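K.L.:
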C-alpha cells in the first residue's frame with residue numbers, strides 16, 4: 004500500500020502490520036490528549052500536585068527524557084567535532100530521538116505551567132539570574148536546531164528526493180549540518196547544565212543546594228556530564244531494541260562498541276565527580292546551612308540506600324559493564340546501557356521529587372504524593388507520541404545507513 | 011521618603027492557634043473560598059498557623075503554634091532570583107517581597123525555592139458564591155487561576171496609607187495607618203508589625219530582644235519576620251530542621 008514511500012534498499016513489514024503496531028499507541032495518545040485537555044480547561048488541580056509538590060511526575064520525566072535525549076547532541080558532537088565517523092551509522096536515529104525527547108518535554112511543560120499563554124514573557128521580561136530563563140532560551144533554540152537537523156533526514160526519503168528543488172535544498176542544508184551540530188552541542192550543553200542548576204541554586208533547599216564555580220552550582224556540571232555519559236547508552240539501547248523488534252541488523256558491532264566505550268568512560272568519570280561532590284555536600288555545604296546530611300536520609304522511603312543505588316548499582320556497575328561490553332559486546336553491553344539509563348532517571352527523580360519531599364522547616368512533616376491518572380495518562384501520551392514518530396521515521400526515512408549493507412550480508 | 015524595612019515580631023508563647031489571623035488575611039486579600047475538593051495542601055493560606063511539638067511524652071509534652079507567612083527575605087531572597095520573568099521583586103523602599111500575578115507564568119519555581127513553603131498556587135479558577143462577591147475588598151485585585159501568590163504584608167493597606175499621607179502633604183506614612191490584617195486581628199497581640207529600621211519602634215526593639223529567633227537563619231535569607239519565645243526548644247527551631255520531633 005505504501006511501498007512507493009519506502010526506501011528501495013530496505014525491507015519493511017506490511018502496512019497492515021504497521022497499522023496494528025500503531026493502533027494501541029494511538030489509543031494511549033488519545034487518552035493522554037484527553038487528560039491534557041482536562042488540565043488546560045479546568046486547571047492543574049486535575050493533577051495531584053499541591054503547594055508542597057509543586058513539581059510532580061511531569062518535571063521528573065521531563066528531566067529524564069531530556070537527559071536521555073542528550074544522545075542526539077553528544078552523538079553529533081562526537082561525529083562532527085571529534086570526527087568519530089563510525090557514528091554516522093546512528094546519527095539519523097539520534098537526531099529523531101533528540102527531537103522526540105525535546106518536543107515531548109516542551110509539550111508537557113506547556114501544560115505544566117499555570118499560564119502557558121504567557122510563556123513568551125520570559126523573552127520579553129527575562130530574569131538573567133534565573134536558571135529557568137537559561138533553560139527556556141536553550142530548550143527553544145535547541146529544539147529549532149533539532150528541527151533543522153531533522154529536515155535533511157526527511158528530505159532524503161524516496162518520494163521527496165524526486166523533487167529536484169528539495170534534493171538541492173537537502174544537499175545545501177546537509178553541508179550546514181556540522182555547524183548546526185556544533186550550535187546544538189553548545190545549546191544542549193547549557194540546557195542540560197541549567198536543568199541541573201535549577202535545583203543546585205536552591206539555597207532554600209539544602210538537600211539540593213550546591214556550591215559551584217562562578218554562576219553555576221556543581222549540579223550544572225554533573226548534569227552535563229551525566230547526560231553526555233548516558234546519551235550514547237540510550238542510543239545504543241534504542242538501536243538494539245529496534246533491531247530486536249524488527250528482526251534486522253541495523254548497525255555494525257564496532258558502532259555499538261564505540262558507543263559503549265564512550266558511555267562507559269564518561270559514566271566512570273561522572274561517578275567519580277558525583278562521589279566527590281557528595282562528600283563536599285555532606286561535610287561542608289549542608290552543615291553550613293544548618294543541616295546534617297544524614298537527617299535527609301532519615302525520611303522514609305528515602306534512606307541512604309537511594310544514594311547507594313544511584314552511585315553504585317546504577318552508576319559504577321553500569322560503567323564497568325559498559326567498559327567490558329566495549330571489548331566483548333553481548334549482555335554486558337545491553338545491561339550496562341539499561342542500568343545507566345535507569346541510573347540517570349533515578350538521579351533526576353532524586354533531584355526533583357526527593358528535593359521537594361524533604362521538609363525544610365523543623366515542624367514540617369514528610370508528605371506523600373501520588374500522581375493522578377491525568378498525569379500518568381499525559382506521560383503515556385508523550386511515550387506514545389515518541390513511539391509513533393519514531394515508528395514513522397524508521398519506516399519511511401533512512402535512520403540507519405548501514406542497514407542496506409547489513410541486510411545484503413544476511414540475504 | 012526614608013527607606014523602610016517592614017517586618018514582624020511574633021510572640022509564639024502568646025499564640026494559641028485560634029486562626030483569627032488566617033481568616034483576617036483571607037478576607038483582606040480576597041482569597042476565594044476553597045473548592046469542595048481542595049485540601050490543606052492545595053488551599054491558599056498566605057498566613058498559616060503551623061503546629062510544633064517538643065516531641066516529649068506527657069506530662070513533659072509541649073505544643074507551640076507558629077504563624078507562618080512569607081518571611082520577606084532580605085538577602086539571597088530565594089524566590090526573586092529564580093523567577094524567569096521578573097514577576098517577583100523586593101521593593102527597596104519597604105523591603106517587602108512583591109509578586110506580580112499578571113506577569114506570573116505559573117511555573118512554581120519560586121515555590122520550590124521557598125524554604126518556608128510560604129507561596130501558594132491558584133489551582134482553581136477563583137469563584138465566590140452568589141452574593142459573596144459583595145464582600146470583596148476593592149483595594150486588592152483577586153488573582154486568576156494558574157498563578158502564584160503570597161503574603162505581601164497587606165500591600166493594599168500600605169497603598170491606602172501612602173495615598174492618605176500624600177493627600178495630607180506628608181512624605182512618610184503614619185505608622186498607625188499601616189497595620190496588616192493579621193496583626194490587627196490577633197486577639198492576644200502576638201503579632202507586632204512595623205519598621206525594623208526605626209530603632210525607636212516597638213517592633214525594632216522587640217526584634218533585638220534576648221529570646222528572639224528567625225526560622226532557618228543559617229540559610230542566610232535575613233528574613234524580616236522574627237519570632238520570640240521563652241521556651242528553649244521553640245527557639246532551637248531557628249537553628250535547623252534537627253533536634254525537634256516533628257508534630
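Protein chains in written order, with the numbering used here: chain A, 4 to 414; chain B, 11 to 257.
For glycine and all other residues, C-beta sits at the position ideal for the given N, C-alpha and C.
The structure presented is a predicted model; accordingly, all values stated were derived computationally and were not measured.
List, in chain order, every chain B residue whose beta-carbon is nearer than 7 Å to that of residue 116 of chain A.
P.N.:
Numbered from its first residue, the first chain carries residue 116 of chain A at position 113. Correct list: 115, 116, 117.
K.L.:
Select from B/178, B/203, B/123, B/180 the residue whose C-alpha is nearest the C-alpha of residue 162 of chain B.
P.N.:
Within the second chain, numbered from 1, the residue matching residue 162 of chain B stands at position 152. Selected option, being the one with the closest Cα: B/203.
K.L.:
Among A/212, A/113, A/286, A/302, which has the Cα closest to the Cα of residue 368 of chain A?
P.N.:
Here residue 368 of chain A refers to the residue found at position 365 of the first chain. Of A/212, A/113, A/286, A/302, the residue nearest in Cα terms is A/302.
K.L.:
Counting only beta-carbon separations shorter than 8 Å, does residue 109 of chain B have a partner in chain A?
P.N.:
Against the second chain, residue 109 of chain B aligns to sequence position 99. Cβ-Cβ to chain A under 8 Å: no for residue 109 of chain B.
K.L.:
Contact between the segment 17-30 of chain B and the segment 31-38 of chain A: three or more CB pairs below 8 Å?
P.N.:
The segment 17-30 of chain B, when compared against the segment 31-38 of chain A, does not touch it at the 8 Å Cβ threshold.
K.L.:
Quick one: which chain A residues come within Cβ less than 7 Å of residue 70 of chain B?
P.N.:
The count along the second chain starts at 1 and reaches residue 70 of chain B at position 60. Per Cβ cutoff of 7 Å: no residues; residue 70 of chain B is ~18 Å from chain A at best.
K.L.:
Please state whether DSSP places residue 110 of chain B in a helix, a strand or coil.
P.N.:
By 1-based counting over the second chain, the position of residue 110 of chain B is 100. Residue state, collapsed to three classes: coil.
K.L.:
Anything in the segment 53-84 of chain B with a Cβ closer than 7 Å to a Cβ of chain A? List those residues in chain order, please.
P.N.:
If the cut-off is 7 Å between Cβ atoms, the segment 53-84 of chain B has 60, 61, 62, 76 near chain A.
K.L.:
Locate the beta strand (DSSP E) running through residue 202 of chain B, then write down its first and last residues.
P.N.:
Along the second chain, one-based indexing puts residue 202 of chain B at 192. Where residue 202 of chain B is concerned, the enclosing beta strand (DSSP E) stretches over 201-205.
K.L.:
Hey, is residue 223 of chain B's beta-carbon within less than 8 Å of any beta-carbon in chain A?
P.N.:
Along the second chain, one-based indexing puts residue 223 of chain B at 213. Closer than 8 Å: no.
K.L.:
Given that a residue counts as buried once 16 or more other Cβ atoms are within 10 Å of its Cβ, and exposed if not, what is residue 257 of chain A?
P.N.:
Residue mapping note: residue 257 of chain A aligns to position 254 of the first chain, counting from 1. Result: exposed.
K.L.:
Excluding the 5 residues flanking residue 321 of chain A on each side, which residues of the same chain have their C-beta closer than 7 Å to its C-beta?
P.N.:
In the first chain, counting from the first residue as 1, residue 321 of chain A sits at position 318. 270, 339, 342, 343, 346.
K.L.:
Hey, residue 227 of chain B and residue 366 of chain A: beta-carbon distance below 8 Å or not?
P.N.:
In the second chain, counting from the first residue as 1, residue 227 of chain B sits at position 217. In the first chain, counting from the first residue as 1, residue 366 of chain A sits at position 363. No, these two residues do not count as a Cβ contact at 8 Å.
K.L.:
Could you check what DSSP says for residue 165 of chain B in three-state terms: helix, strand or coil?
P.N.:
Here residue 165 of chain B corresponds to residue number 155 of the second chain, with the count starting at 1. Three-state result, residue 165 of chain B: helix.
K.L.:
Output needed in chain order: residues of the segment 295-311 of chain A with a Cβ under 7 Å from some Cβ in chain B.
P.N.:
If the cut-off is 7 Å between Cβ atoms, the segment 295-311 of chain A has 295, 298 near chain B.
K.L.:
Would you kindly work out how many angstroms separate the C-alpha atoms of residue 151 of chain A and residue 280 of chain A, rounded to a whole number?
P.N.:
For this step, residue 151 of chain A is matched to residue 148 along the first chain. For this step, residue 280 of chain A is matched to residue 277 along the first chain. Those two C-alpha atoms are separated by around 37 Å.
K.L.:
Which residues in chain B have a C-beta closer than 7 Å to the C-beta of residue 2 of chain A? List them in chain order.
P.N.:
Residue 2 of chain A lies beyond the stretch modelled for chain A, which goes from 4 to 414, so this question has no answer here.
K.L.:
Spatial neighbours of residue 41 of chain B within its chain, please: C-beta separation below 6 Å, excluding the five flanking residues on both sides.
P.N.:
Mapped onto the second chain, residue 41 of chain B falls at position 31. Closer than 6 Å at Cβ, skipping near neighbours: 54.
K.L.:
Who does residue 2 of chain A pair with in a DSSP beta bridge?
P.N.:
Any property of residue 2 of chain A remains undetermined from this structure, which presents chain A solely from 4 to 414.
K.L.:
Hey, is residue 10 of chain B's beta-carbon within less than 8 Å of any beta-carbon in chain A?
P.N.:
The structure shown does not extend to residue 10 of chain B, since chain B is modelled only from 11 to 257, so the question has no answer here.
K.L.:
Quick one: list the residues of chain B neighbouring residue 235 of chain A, beta-carbon separation under 7 Å, in chain order.
P.N.:
Taking the first chain and counting its residues from 1, one reaches residue 235 of chain A at position 232. The premise fails here: residue 235 of chain A is roughly 31 Å from chain B at the closest Cβ pair, so nothing lies under 7 Å.
K.L.:
Could you check how far apart the C-beta atoms of residue 75 of chain B and residue 90 of chain B are, in whole angstroms? I think they sit under 8 Å.
P.N.:
Locating residue 75 of chain B in the second chain gives position 65, where the first residue counts as 1. Locating residue 90 of chain B in the second chain gives position 80, where the first residue counts as 1. Actually they are not in contact, since the Cβ atoms of residue 75 of chain B and residue 90 of chain B sit about 29 Å apart, beyond 8 Å.
K.L.:
Would you call residue 141 of chain A buried or exposed, if buried means 16 or more other Cβ atoms sit within 10 Å of its Cβ?
P.N.:
Mapped onto the first chain, residue 141 of chain A falls at position 138. So residue 141 of chain A counts as buried.
K.L.:
Within 8 Å of any Cβ in chain A, is that where the Cβ of residue 308 of chain B sits?
P.N.:
A question about residue 308 of chain B goes unanswered here, because the residues of chain B that appear run from 11 up to 257.
K.L.:
For residue 160 of chain B, which beta-bridge partners are listed by DSSP?
P.N.:
Looking up residue 160 of chain B in the second chain gives position 150. Answer is B/129, bridged to residue 160 of chain B.
K.L.:
Indicate the three-state DSSP secondary structure (helix, strand or coil) for residue 188 of chain B in the structure shown.
P.N.:
The residue you call residue 188 of chain B lines up with position 178 of the second chain. Of the three classes helix, strand and coil, the one that applies to residue 188 of chain B here is coil, per DSSP.
K.L.:
Against chain B, which members of the segment 48-61 of chain A pass a CB distance test of less than 7 Å?
P.N.:
Result list: 48, 53, 54, 55, 57, 58.
K.L.:
Between the alpha carbons of residue 253 of chain B and residue 103 of chain A, how many angstroms are there, rounded?
P.N.:
Position 243 of the second chain holds residue 253 of chain B. Position 100 of the first chain holds residue 103 of chain A. Because the pLDDT of residue 253 of chain B is 36, which lies under 50, any placement of that residue in the model is unreliable, and the question is left without a value.
K.L.:
How would you list, in chain order, the residues of chain D whose beta-carbon sits under 8 Å from the beta-carbon of residue 88 of chain B?
P.N.:
No chain D is part of this structure, whose protein chains are labelled A and B.
K.L.:
Using 8 Å for Cβ pairs, my map puts residue 135 of chain A next to residue 94 of chain B. What's the rounded Cβ distance?
P.N.:
Walking along the first chain from the start, residue 135 of chain A turns up at place 132. Walking along the second chain from the start, residue 94 of chain B turns up at place 84. So it is a contact: roughly 4 Å between Cβ atoms.
K.L.:
Does the distance between the C-beta of residue 88 of chain A and the nearest non-hydrogen atom of the ligand ADP fall short of 7 Å?
P.N.:
The model depicted lacks the ligand ADP and carries no ligand whatsoever.
K.L.:
Distance cutoff 8 Å, beta carbons only. Does residue 137 of chain B sit that close to anything in chain A?
P.N.:
One-based indexing of the second chain puts residue 137 of chain B at position 127. No, its Cβ sits nowhere closer than 8 Å to a Cβ of chain A.
K.L.:
Mind checking if residue 374 of chain A is an interface residue toward chain B, Cβ cutoff 8 Å exclusive?
P.N.:
For this step, residue 374 of chain A is matched to residue 371 along the first chain. It does not: the Cβ of residue 374 of chain A has no partner Cβ on chain B nearer than 8 Å.
K.L.:
Are the Cβ atoms of residue 167 of chain B and residue 148 of chain B separated by less than 8 Å?
P.N.:
Residue numbering aside, residue 167 of chain B sits at position 157 when the second chain is read from its first letter. Residue numbering aside, residue 148 of chain B sits at position 138 when the second chain is read from its first letter. No, they are not a contact pair.
K.L.:
Looking at residue 162 of chain A: is its Cβ nearer than 8 Å to the Cβ of residue 8 of chain A?
P.N.:
Here residue 162 of chain A is taken as the residue at index 159 of the first chain, counted from 1. Here residue 8 of chain A is taken as the residue at index 5 of the first chain, counted from 1. Yes, the pair counts as a contact, with Cβ atoms nearer than the cut-off.
K.L.:
Quick check on residue 216 of chain A: does DSSP put it in helix, strand or coil?
P.N.:
In the first chain, residue 216 of chain A corresponds to position 213, counting from 1. Reduced to three states, the DSSP call for residue 216 of chain A is strand.
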